[in-house]
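In terms of full-length UniProt numbering, the sequence shown opens at residue 1 and continues consecutively. Each residue gets a CB set at the ideal place from its N, CA and C atoms; glycine is no exception. Reviewing the structure listed below.
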Amino acid sequence: MKRSSLIEFVLHLVVVLSASAIAVADGVASTAHPLASNTAEEIFALGGNAADAAIAVSLVLSVVEPTLSGLGGRAQALVRTQDGGYYGYNGMTEIPAVFKVDEQAAAYGYTTIATPGLVALLEAVHQAHGSLPIGKLVEPAHRFA
């Protein structure tokens, strides 16, 4: 997908009052931290699309505000492609298969631990809609770590 294609990408993130926004020729990015907003601009400048920018921003937010946006979290994404197609991604936590609602014993302990879904969501979105190599999307977060 080309950078100029119309892609709307919504990543369910925690928004705080210190939100930062940047504008690029073909879009806008608004995040909770200036370094994350600058990352979106950087990814667009490399020829990335909105999915690439959202993935890189999510990784940067995991570094610069780990208590609000972390790799151990969850997310939902809605991608609209240039041809008008919509794709939904669910990166919410999953309950282990051994969990039984009707068993009180399963109400406590390791069998009730949910698996965070953010990383799986970012991978799925990248595989389906990303245009830059994943290494390019990780670089800004690595730089800020």
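Asked: If you draw a straight line from the C-alpha of V60 to the C-alpha of R74, how long is it?; Found: 15 angstroms
Asked: Is it the case that the Cβ atoms of P116 and G72 are separated by a distance below 8 angstroms?; Found: yes
Asked: Answer with buried or exposed for S4, where buried requires no fewer than 16 other C-beta atoms within 10 angstroms of its C-beta.; Found: Model confidence at S4 stands at a pLDDT of 34, short of 50, so the residue's coordinates are unreliable and nothing is read from them.
Asked: Going by the CB atoms, is the gap between A120 and T93 shorter than 8 angstroms?; Found: no
Asked: Could you tell me the boundaries of the beta strand (DSSP E) in which A114 lies?; Found: No beta strand (DSSP E) contains A114, which DSSP labels as neither H nor E.
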